[in-house]
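Colleague: So that we are looking at the same thing, I have put the structure below in structure tokens.
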Amino acid sequence: MTAFTYPEVGSTRLGPLPDGYHHLHHRTRVGRGRADFEAAGAAVTGWRMHRTSGAGVRASADRAEAGVSVRVSLGIGPFRFNAPCRVVWAAYEKDLVGFAYGTVDGHPECGEESFVVESADDGTVWFTVTAFSRPAAWYTRLAGPLVPMAQRWYARRLGAALRRIVAGAARG
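Numbering (the working numbering), first residue to last: 603 to 774.
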């Protein structure tokens, strides 16, 4: 099994996020009620949210569990970036479902990213992306501040994809 490329494994679950990295926290409302929570949780942990957002996903399992290998790819043609990861933790709780993956050798960044669906006391369903990362490849170092901007854009895109999935599940 390939080793993680950073020492702070699990920090997106246990906190706090480590110093020396760019931090990302994006939270968006994706629905309301138990059915929306379950639809969102299944879409996140079954890779559907990522695929609906336009990312390619190859995973060693159909559902996120600790130890699952994941390769996420983004872009077009020669501008397609592959990001190998491994799931660090997964949670399947009454009001919280999600997982985090961490970077392994070959990933253009170094760090961890979590994708969590929560049901609030009032029934609102929230999706949160939390990440810490820093460049690991020459081209991500060269891109400088464009990488955090791209990460924020991708987190918003994931939230929008999840809202569409949940809305479609409510209609269907």
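Idealized CB from N, CA, C, for every residue including glycine. Keep in mind that this is a model prediction, so the values were computed, not measured.
Over what stretch of residues does the beta strand (DSSP E) that includes residue 728 continue unbroken?
Modeller: Looking at the DSSP string, the run of the beta strand (DSSP E) that includes residue 728 is 726-737.
Colleague: Whose C-beta lies closer than 7 Å to the C-beta of residue 726 among residues of the same chain, with five residues either side of it excluded?
Modeller: 631 and 634.
Colleague: Hey, would you say residue 742 sits closer than 7 Å to residue 749, going by beta carbons?
Modeller: Cβ distance < 7 Å, so residue 742 and residue 749 count as in contact.
Colleague: Could you check whether the segment 611-630 touches the segment 644-658, counting it as contact only if at least three pairs of C-beta atoms, one from each stretch, sit closer than 8 Å?
Modeller: As far as the Cβ criterion goes, the segment 611-630 does not touch the segment 644-658, which means the pair count is below three.
Colleague: Does the distance from the CB of residue 685 to the CB of residue 674 come in under 7 Å?
Modeller: It is a contact, given that the beta carbons lie within the stated cut-off.
Colleague: Would you report the Cα separation of residue 770 and residue 762, rounded to the nearest angstrom?
Modeller: So the two alpha carbons sit approximately 12 Å from each other.
Colleague: Confirm, please, whether the CB-CB distance from residue 768 to residue 638 is below 7 Å.
Modeller: The answer is yes: Cβ separation under 7 Å.
Colleague: Identify whether residue 613 lies in helix, strand or coil by the three-state DSSP scheme.
Modeller: DSSP places residue 613 in helix when its eight states are reduced to three.
Colleague: Per the DSSP calculation, residue 686 is bridged to which residue(s)?
Modeller: BP columns for residue 686 point to 673.
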